[in-house]
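Novice: Protein sequences, first through last, are from chains S and P.
Quick note: the first sequence uses the working numbering, first residue 1, plus one each step.
Quick note: the second sequence uses the working numbering, first residue 288, plus one each step.
From the three backbone atoms N, C-alpha and C, an ideal C-beta is built for every residue, glycine too.
There are 2 protein chains.
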Amino acid sequence: MKDIPTWIDEYHKGSRFGLNGKVLLKKNSKYQEILIIETDCYGKALMLDGCWMTSLRDEKYYHECLVHPALSSIDKKSHILIIGGGDGGTARECLKYSQVAKIDLVEIDEEVINVSKTFLQEIGSEAWNDKRLSIHIDDGVKWVEKTNDNFYDVIFIDCSDPSEFSNLLFTDSFYRECKRILTKKGILATQSESPESFKDIHIHILKSLNKIFKLSKTMYSFVPIYPSGIWSWTFASEEELNLSKLYYKEVMRIEKDCDVWNLNFQNAAFQMMPNKIVKELNSKNDQ
Amino acid sequence: MKDIPTWIDEYHKGSRFGLNGKVLLKKNSKYQEILIIETDCYGKALMLDGCWMTSLRDEKYYHECLVHPALSSIDKKSHILIIGGGDGGTARECLKYSQVAKIDLVEIDEEVINVSKTFLQEIGSEAWNDKRLSIHIDDGVKWVEKTNDNFYDVIFIDCSDPSEFSNLLFTDSFYRECKRILTKKGILATQSESPESFKDIHIHILKSLNKIFKLSKTMYSFVPIYPSGIWSWTFASEEELNLSKLYYKEVMRIEKDCDVWNLNFQNAAFQMMPNKIVKELNSKNDQ
């Protein structure tokens, strides 16, 4: 079975997106079905419970847009929390910033980390050996609850779509807890689903963060292997999200290495809300 | 066969995107295989030679981004040429501008117009009955060749991916001919493929238009049913592409009716070039 090229599809509300490839690994962890596929199109790819999570050749579309708007814009960024992110890509992008002193990566499913280290080494890359990275196999919600006030400078929520075990990562009470453990100028950065294929959840996240934090901004960009290809990331803070000029030279160095993100792209992406979402948010605010 | 819901997929370089639905029509025209599918996800959809062209529920992502950056930015827009565009969506968006006096829609395949009028009425909508619209069943390249100098204010190239019968729409000589028949301040607007799934053609179009016209700008946005979901449109002119303030009120009215496009979105979309394309264009310019 393992060596026969075949179509592996993610099914989503009457659409499917498939990649041709060979299944290298199929196993059930305590939480989900894990597949590693060697695809023709995007290199090795990870599928969890039938959903494409990441692939060697498209992962930068996602990871660069989650990490750099937050880390290029915040002054103090020594303590970082990543919730989820078991493929290592978010940690890798964070560790490009010299000021990052400590990352706690809290992943509920140890098997995701194990298969990522084995099959998707290029994604986590040097991050796995970086002494600044601490891996904790734990529930992100519980980790946040037991963390002291004002502890992290940046929190990244790098999770899968809402499901039985990730639902709580999309609730007001969880966002409030995140706010409690952030430093005063800290930033919460979360993937915020697709305005096209997950419109209701997307709008829910935007409204929640807008209510709980003083400021929240959503950027829209592309993730080719996710449903509809349109994706979003939302950044929330009690402070303005302006690019710090203090470390401009470092940001320029990081930008050179990026496949998707650059400062110009980022500033634009924060204005790419489709007009129907603009209208829907406005009409709901009027109610 | 016709009534059984099934998966209809577009295959593209080791990936496939499928919609579940019922095939309402399958026929071969002189040029291509035409399918009309009633899909669960996007309503009725058109597939040509195995490629998704448009659907009732996602067509605005494409048509609004092709038409409005050109027509909201140009002062004189009385004479318009649409090459391709047999589904009627581009004409419909153009006809929203009161200043548009005459549209020549030149479609090579009469059958595309026939099936669009029959099955996808909502896309062309009132455009089909608008006296300003003239339909010509002809080869776009030949039409341009036989047109007098400085005739059209705006030309829209609303074509499918390069193929046996559309290849010539992507050549330098065709772009030069378009320039010849444009008025002095005229704009050529073309879909310019995906920087992800058609990268080589995409870069070719950008370089060609940049070489032939004094100014060309590319915008990036989303088309959920096209390969990778990332799409681009390029606008070329001998003049600056600034939004004319003269008809601002009309543009505001049109914006209100849009699903995707608004002026803010448009200005951002022109800055959404993925960094790897920026780098590739820069390195090629250096050679």
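List the residues of chain P whose Cβ lies closer than 7 Å to the Cβ of Ile230 of chain S, in chain order.
Specialist: Phe509, Pro511, Gly516
Novice: Val23 of chain S lies in the beta strand (DSSP E); which residues open and close that run?
Specialist: 15 to 28
Novice: List, in order along the chain, the chain P residues whose C-beta lies closer than 7 Å to that of Asp40 of chain S?
Specialist: Gly301
Novice: Please classify Phe289 of chain S: does DSSP put it in a helix, a strand, or coil?
Specialist: This structure does not reach residue 289 of chain S, given that chain S is present from 1 up to 287, and the question cannot be answered.
Novice: Are there 16 or more other CB atoms within 10 angstroms of the CB of Thr293 of chain P, so buried, or fewer, so exposed?
Specialist: exposed
Novice: Counting only beta-carbon atoms, is Asn554 of chain P nearer than 8 Å to chain S?
Specialist: yes
Novice: Spatial neighbours of Gln574 of chain P within its chain, please: C-beta separation below 7 Å, excluding the five flanking residues on both sides.
Specialist: Unreliable placement is indicated for Gln574 of chain P, whose pLDDT of 46 sits below 50; no coordinate value is reported for it.
Novice: Is Leu46 of chain S close to chain P? Criterion is C-beta to C-beta, closer than 8 Å.
Specialist: Closer than 8 Å: no.
Novice: Give a yes or no on contact between the region 87 to 99 of chain S and the region 22 to 31 of chain S, applying the rule of three or more CB pairs nearer than 8 Å.
Specialist: Judged by Cβ distances under 8 Å, the region 87 to 99 of chain S makes no contact with the region 22 to 31 of chain S, as fewer than three pairs qualify.
Novice: Ignoring anything shorter than 4 residues or poking outside the region 362 to 398 of chain P, list the alpha helix (DSSP H) runs there in chain order.
Specialist: 376 to 381
Novice: Quick one: is Gln574 of chain P near chain S, going by C-beta distance under 8 Å?
Specialist: Residue confidence for Gln574 of chain P is low, a pLDDT of 46 falling below 50, so the modelled location carries little weight; the figure read from the coordinates is stated next. With 8 Å as the cut-off, Gln574 of chain P does not count as an interface residue toward chain S.
Novice: Which residues does DSSP pair with Ala189 of chain S in a beta bridge?
Specialist: Its beta-bridge partners are S:Phe156, S:Phe235.
Novice: For Asp138 of chain S, which residues in the same chain have their Cβ closer than 6 Å to its Cβ, ignoring the five residues on either side in sequence?
Specialist: Around Asp138 of chain S, the same chain offers Val106 as residues with beta carbons nearer than 6 Å, after the five sequence neighbours per side are excluded.
Novice: Is the beta carbon of Phe438 of chain P less than 8 Å from the beta carbon of Ile468 of chain P?
Specialist: Pairing Phe438 of chain P with Ile468 of chain P gives a Cβ-Cβ distance under 8 Å.
Novice: Which residues of chain S have a Cβ atom closer than 9 Å to the Cβ of Glu483 of chain P, listed in chain order?
Specialist: Asp58, Tyr61, Phe222, Pro224, Gly229
Novice: Rounded to the nearest angstrom, what separates Gly330 of chain P and Val510 of chain P at their Cα positions?
Specialist: 15 Å
Novice: Using a C-beta to C-beta distance shorter than 9 Å, which residues of chain S count as neighbours of Gln558 of chain P?
Specialist: Under a criterion of Cβ atoms nearer than 9 Å, the residues of chain S adjacent to Gln558 of chain P are, in order, Asn264, Phe265, Asn267, Ala268, Ala269, Gln271.
Novice: Relative to the C-alpha of His68 of chain S, which residue among S:Asp9, S:Ser237, S:Ala189 is closest?
Specialist: S:Ala189
Novice: In the DSSP output, what is Gly330 of chain P paired with across the bridge?
Specialist: P:Thr326
Novice: What does Val278 of chain S touch in chain P if you count any residue whose Cβ is under 9 Å from its own?
Specialist: Asn549, Asn551, Phe552
Novice: Which of the residues in the region 355 to 373 of chain P, read from start to end, lie with their CB under 8 Å from any CB of chain S?
Specialist: Listed in sequence order: no entries.
Novice: Based on DSSP bridge pairs, tell me the residues matched to Cys51 of chain S.
Specialist: Under DSSP, Cys51 of chain S takes part in a beta bridge, and its partners are S:Leu48.
Novice: Where does the unbroken alpha helix (DSSP H) through Glu451 of chain P begin, and where does it stop?
Specialist: Where Glu451 of chain P is concerned, there is no enclosing alpha helix (DSSP H), given that its DSSP letter is neither H nor E.
Novice: Give me the Cβ distance between Cys545 of chain P and Asn275 of chain S, rounded to the nearest whole Å; I'm assuming they're in contact under 8 Å.
Specialist: 5 Å
Novice: For the candidate residues P:Ala523, P:Glu297, P:Ile512, whose alpha-carbon lies nearest to that of Thr505 of chain P?
Specialist: P:Ala523
Novice: By the DSSP assignment, the alpha helix (DSSP H) with Leu215 of chain S in it spans what residues?
Specialist: Note, Leu215 of chain S: premise wrong, no alpha helix (DSSP H); beta strand (DSSP E) at 215 to 222.
Novice: Whose C-beta lies closer than 6 Å to the C-beta of Asn497 of chain P among residues of the same chain, with five residues either side of it excluded?
Specialist: Ser503
Novice: Quick check: the Cα distance between Tyr11 of chain S and Phe17 of chain S, rounded to an integer number of angstroms?
Specialist: 7 Å
Novice: Would you identify the three-state DSSP class for Gln574 of chain P, choosing helix, strand or coil?
Specialist: For Gln574 of chain P, the predicted model reports a pLDDT of 46, less than 50, meaning its position is unreliable; a value from the coordinates is still stated below. Here Gln574 of chain P sits in coil by DSSP.
Novice: Could you check whether the Cβ of Asp546 of chain P sits closer than 8 Å to any Cβ belonging to chain S?
Specialist: yes
Novice: At 4 residues or longer, what runs of the alpha helix (DSSP H) sit wholly inside the region 120 to 151 of chain S?
Specialist: 121 to 124, 140 to 145
Novice: In the DSSP assignment, what are the bridge partners of His12 of chain S?
Specialist: S:Ser15
Novice: Quick check on DSSP: helix, strand or coil for Ile291 of chain P?
Specialist: coil
Novice: To the nearest angstrom, report how far apart Ile295 of chain P and Glu238 of chain S are at their CA atoms.
Specialist: 48 Å
Novice: In angstroms, rounded to a whole number, what distance separates the CA positions of Asn264 of chain S and Asn401 of chain P?
Specialist: So the two alpha carbons sit approximately 44 Å from each other.
Novice: CB Val399 of chain P to CB Arg419 of chain P, shorter than 8 Å?
Specialist: Going by C-beta atoms, Val399 of chain P is not nearer than 8 Å to Arg419 of chain P.
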